[in-house]
Structures are given as structure tokens and as C-alpha cells.
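A.B. asks: Using our numbering, you'd call the opening residue of the sequence shown number 48 and step up by one each time. What follows is a structure written as C-alpha cells; I'll ask about it next.
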Amino acid sequence: MSSIIQKKAAGFYLIMIAAAAAVISLIRFCTWAPAHNAMDTTIVLALAAGIVMNLVMVVKDEDLLVVLSTACYAYALFRHLTNQVGSFVDAFQGINMFGDATQVGNIVSIAIVMAVSAILPILAGFMRREKEV
């Protein structure tokens, strides 16, 4: 295992940080969503698929996996935000009708961690992920 890690460059570590952020956002989403009737299995599946793709990159460096994992994380992010539009509307209007205005902070904090997991693979796509021998 240490021989595999010695061959990796900075882009690989960004991919692993993105996977860690996705795990954190998956845990946060799965603990928050059922209590607020906001559970969406497509978000869970997209985050899980992105995590699996990032973990596959430990043994096989593939540009397509970087693109697909970024797409999965971005889908999860935007699906999460669009599902909670009612809460944002309630917060801006000062009412409690379409969602739960008190949960906007939680929604945004989960979205920020999802955004980190979506942005880091984009940056890693422009960097080396394996050191040249």
C-alpha cells in the first residue's frame, strides 16, 4: 500500500479529500433529511457513486472517472438545493408555508460540503495524479 501512495501526486490527494468531503456530506444529509421529510435516494446514490469512483482511482488513474465523479457530486448538490427551494422562499419571505425556514442554515452547510466535493475533482483534473518516474 505504501508503494501505491509513494507514486501519487497532488491531484490524487485532492481526489481523496473530495471523497472525504463526500462521505461527510452523505452522513450529514442522511442524518438531516429523514427528520425533515427531505430524503431523496438519488442524492444518496449520486454521492455513493462518486465516492466509489474516487476510491477506484486509488488503483487506476482514469480521467473519465474524474469527470464522472464530478458529475455525480454536482448532481447531488443541485438536486439537494432544488429540493429545498421552498425553505429558501420561506426564509426570504419571512413565512412558514412552502418549507422550513429554520433549516436554511443546515441546507446551506450540507450544500457547501457537497460543493467542495464537486470542485476538488475539477481542480485535480488539471493536475498530475501520479508522479512521473
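Note that beta-carbon positions come from the ideal geometry of N, C-alpha and C, so glycine has one too.
Mind checking who Glu177 pairs with in its DSSP beta bridge?
C.D. replies: Glu177 pairs with Lys55.
A.B. asks: Among Ala121, Val136, Thr129 and Ser164, whose alpha-carbon lies nearest the alpha-carbon of Ala148?
C.D. replies: Here the closest residue by C-alpha is Val136.
A.B. asks: Helix, strand or coil: which one does DSSP assign to Thr146?
C.D. replies: Note that residue 146 is Gly in the sequence shown, not Thr. Residue state, collapsed to three classes: coil.
A.B. asks: Return the residue from the list Cys119, Ala80 and Cys77 that minimises the CA-CA distance to Ala66.
C.D. replies: Among Cys119, Ala80 and Cys77, the Cα nearest to that of Ala66 is on Cys119.
A.B. asks: Can you give the Cα-Cα distance for Val107 and Ile74, rounded to whole angstroms?
C.D. replies: At residue 107 the sequence reads Lys, which differs from the Val that was named. Taking the straight line from one Cα to the other gives about 26 Å.
A.B. asks: If contact is defined by three or more beta carbon pairs under 8 Å, each pair taking one atom from either stretch, is the stretch 127-134 in contact with the stretch 97-116?
C.D. replies: Short answer: they don't touch.
A.B. asks: How many Å lie between Asp87 and Glu179 at the Cα?
C.D. replies: So the alpha carbons of these two residues sit roughly 42 Å apart.
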